[in-house]
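These protein sequence lines are chains A and B, in that order. Residue 2 is where the first sequence starts when you use this note's numbering, and the numbers rise one by one after that. Residue 1447 is where the second sequence starts when you use this note's numbering, and the numbers rise one by one after that. Yeah, the Cβ is synthetic: ideal placement off N, Cα and C, and Gly gets one too. Just so you know, these numbers come straight off a predicted model, no measurement behind them.
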Amino acid sequence: MNYHWNWGIFFQPNPMGTGTYLDMLLSGLVLTLETGALAWIIALITGSIVGVMRTLPSKGANWFGFAYVEFFRNMPLLVQLFLWFFVLPELLPNSAGLWLKQLPNAPFWTAAIGIGFFMSARVAVQLQAGIGSLPRGQKMAATALGLTTVQVYRYVLLPMAFRIILPPLTSEFLNTIKNTAVAITIGLLELTGEARSMQEFSFQVFEAFTAATLLYLLVNAVVVTAMRFLERYVAIPGYITGK
Amino acid sequence: MRNFRSIGLALVATFAVSQAGAEELTGTLKNIKDTGAITLGFRDSSIPFSYLDDNQKPIGFAMDICYKIVDAVKKELKLDKLEVKLNPVTSATRIPLMANGTIDLECGSTTNNAERQKQVAFTNTHFLTASRYVFKKASGLKSIDDLKGKTVVSTAGTTNIKQLTEANVEKKLGANIIPAKDHAEAFLMVETDRAVAFVMDDILLASLVAGSKSPGDYVISKDAFSKPEPYGIMLRKDDAPFKKVVDAATAALYTSGEGQKLYDKWFTQKIPPKGLNLNTPISDELKHEFAKPSDSPNPDDYK
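Take a look at the structure:
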């Protein structure tokens, strides 16, 4: 290899005049975290609602949940973001489309909401599986106690199901953070985007992507540790998720 | 014992011979001689510098220059046959592929600047381009000042977005700058009215306009964000013998008048595959550069 390593590059001023190259990467990291966090909140809320709908006795709710999951799960994320960002505004009436296009920070909102919906389909399937794994008797017993359907879910099924699916949810959370990298395709300069900018300006490609990799690893290590604590905190002794 | 000594002597002798050979030929030239092949890196959509025609074969202004360099290398090494291998590159892969020896020359539209010269070398400049912007005729944005408070797009990671950002601060434009992933997407943003202007190298804007649905709708600004910056064919750094051959080949091409002919072929006539005409006659700066070839990264050296 004929490559001129230069690890000092991170402390050299970047050509955008916004501090050093490291500052550039860190500003990308902040954007990655903001996008990831917002997307995860959307994924968790929408995913839970759709997941519950897929287990309800109502046929209509079932069908809606099924259609929702298949729609968001079967299209590549890259394609979805492209559709939301470029195609959707063209399909709307002219004034609404223009309003959407000129929204400040449009790439950020599109990315957060788009990734959120994409991940929500996965959360929904997980939750459906979690509820499905509970013994049928639990629901029956709860109903026999006189609880309404809402109460059955609120007090019996969901607390158990969420505990069971907590470990896979951790990996969905990690996926959400990693998926934010796709947002460069709609012009969001998150961590991967800033690493690419850095390599375009300085031609120090390996340094840029090494730093980006380390930052992703660091963030994901924090998430994994935090989720471990959460798992331990909510564990019920004697159940599969407890000790 | 005598046998061992003779083997040892023979080994020393061969080693000395190969040493002497290595002194004559090093680096890329030695590789090319040993393998009988040279690898050119090409871009798939840098019209008209390096792009794919309808047979998926890379063609373009920079490709033609590279083939001239290949001829010169073949002559220098006194080879009867030199195989030319072609390898696609993107802006993200050109450095790793150059560093690990996959490609020997990068034939595209890579800006030669001081920062990048710390990592790679460039041969004599083959094009000069300034940062301008494209806009829809209907929006009538005559000067840079007309961009005040508007949404302007440029491609992420380019020198152009940097110049735009600087101008935004200096001229207090208060423009909303959005980065796009690539040139096609940035142009799409202007096409769909998501942004009013796209700041980019003027020649790339010319090719995007020529290839658009209605070329008549777009205008490229007279105002520029920068002095004309040089494009160069990229090669590995610290390989003086190879660079000498490449520099000599390009200098001979540009000063002979053949450079001008190549230029006209790609910039003022219809080019394949769709018969686009970029209608960009040679600039005075580039004429001077062709008369006195230079690999300087400094825009001030091209006047």
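Along the region 157 to 189 of chain A, the alpha helix (DSSP H) occurs as fully enclosed runs of 4 or more residues at 159 to 165, 167 to 180, listed in sequence order.
Between ALA162 of chain A and GLY131 of chain A, the C-beta spacing is below 8 Å. Under the Cβ distance rule, LYS1520 of chain B does not count among the residues neighbouring chain A, no pair being separated by less than 8 Å. Fully contained in the region 1673 to 1739 of chain B are the following alpha helix (DSSP H) runs of length 4 or more, in chain order: 1686 to 1701, 1704 to 1713, 1730 to 1737.
Taking 8 Å as the threshold, the shortest C-beta distance from GLU1616 of chain B to chain A does not fall below it. Taking LYS1683 of chain B as the centre and dropping the five residues before and after it, the same chain places the C-beta of GLN1565, VAL1566, ALA1567 closer than 7 Å to its C-beta, in chain order.
Flagged as an interface residue toward chain A: VAL1566 of chain B, by a C-beta distance shorter than 8 Å.
In the same chain as SER1600 of chain B, and ignoring 5 residues on each side of it, the C-beta atoms closer than 6 Å to its own belong to ASN1606, ILE1607, LEU1610, VAL1645, in chain order. Buried is the label assigned to ALA1632 of chain B, since at least 16 other Cβ atoms lie within 10 Å of its Cβ. Selection B:TYR1748, B:SER1740, B:THR1481, B:GLN1715 evaluated against ASP1550 of chain B yields B:THR1481 as nearest (Cα-Cα). The residues PRO1494, ALA1652, SER1653, ALA1656, PHE1713, in chain order, have a CB closer than 7 Å to that of LEU1724 of chain B in the same chain once the five nearest residues on each side in sequence are set aside. Under DSSP, the beta-bridge partners assigned to THR1575 of chain B are B:GLU1675. In the structure shown, LEU1471 of chain B falls within a coil segment according to DSSP collapsed to helix, strand and coil. Those residues of the region 1547 to 1566 of chain B placed with their C-beta closer than 8 Å to a C-beta in chain A are GLY1547, GLU1561, ARG1562, LYS1564, GLN1565, VAL1566, ordered along the chain.
In the assembly as shown, GLN1502 of chain B is an exposed residue. Its beta-carbon has fewer than 16 other beta-carbons within 10 Å.
Below 8 Å, enough C-beta pairs join the region 1658 to 1666 of chain B and the region 1574 to 1582 of chain B to call them touching: three or more. Residue B:LYS1479 holds the alpha-carbon nearest to the alpha-carbon of GLU1529 of chain B among B:ASN1559, B:THR1575, B:LEU1498, B:LYS1479. Distance from the CA atom of ALA44 of chain A to the CA atom of LEU34 of chain A, rounded to whole angstroms, is 15 Å.
Within the region 4 to 37 of chain A, no complete beta strand (DSSP E) segment of 3 residues or longer occurs. Every alpha helix (DSSP H) of 4 residues or more that sits fully in the region 60 to 126 of chain A is shown, in chain order, as 60 to 74, 78 to 83, 89 to 92, 95 to 102. By the criterion of at least three beta-carbon pairs nearer than 8 Å, the region 114 to 125 of chain A is not in contact with the region 223 to 238 of chain A.
Straight-line spacing of the CA atoms in ASN3 of chain A and LYS1689 of chain B works out to 15 Å. Looking at the backbone, the Cα of PHE67 of chain A and that of THR47 of chain A are separated by about 14 Å. Between ASP1591 of chain B and LYS1617 of chain B, the CB-CB gap stays under 8 Å. Chain-ordered, the chain B residues with CB closer than 7 Å to the CB of THR186 of chain A read LYS1627.
Per the Cβ contact rule, the region 89 to 106 of chain A is not in contact with the region 165 to 180 of chain A (fewer than 3 Cβ pairs under 8 Å). Considered as a whole, the region 1600 to 1670 of chain B harbours 1605 to 1616, 1629 to 1637, 1648 to 1656 as its complete alpha helix (DSSP H) runs of no fewer than 4 residues, in chain order. Rounded to the nearest whole angstrom, the C-alpha separation of LEU1525 of chain B and ASP1693 of chain B is 19 Å. Rounded to the nearest angstrom, the Cβ distance from VAL1691 of chain B to ALA1518 of chain B is 6 Å, consistent with a contact under 8 Å.
For chain A, none of the residues of the region 1643 to 1670 of chain B brings a beta carbon within less than 9 Å of one of its beta carbons. Here PHE1573 of chain B is not near TYR1497 of chain B, since their CB atoms are 8 Å or more apart.
The beta carbon of LEU32 of chain A lies closer than 6 Å to those of GLU191 in the same chain, with the five residues before and after it left out. By the 16-neighbour rule on beta-carbons within 10 angstroms, MET1680 of chain B is buried. The Cβ-Cβ distance between ALA196 of chain A and ALA184 of chain A does not fall below 8 Å.
Neighbourhood of VAL206 of chain A in chain B, by CB distance below 8 Å: ALA1538, ILE1541, PRO1542, in chain order. For ARG197 of chain A, a Cβ of chain B is located within less than 8 Å of the residue's own Cβ.
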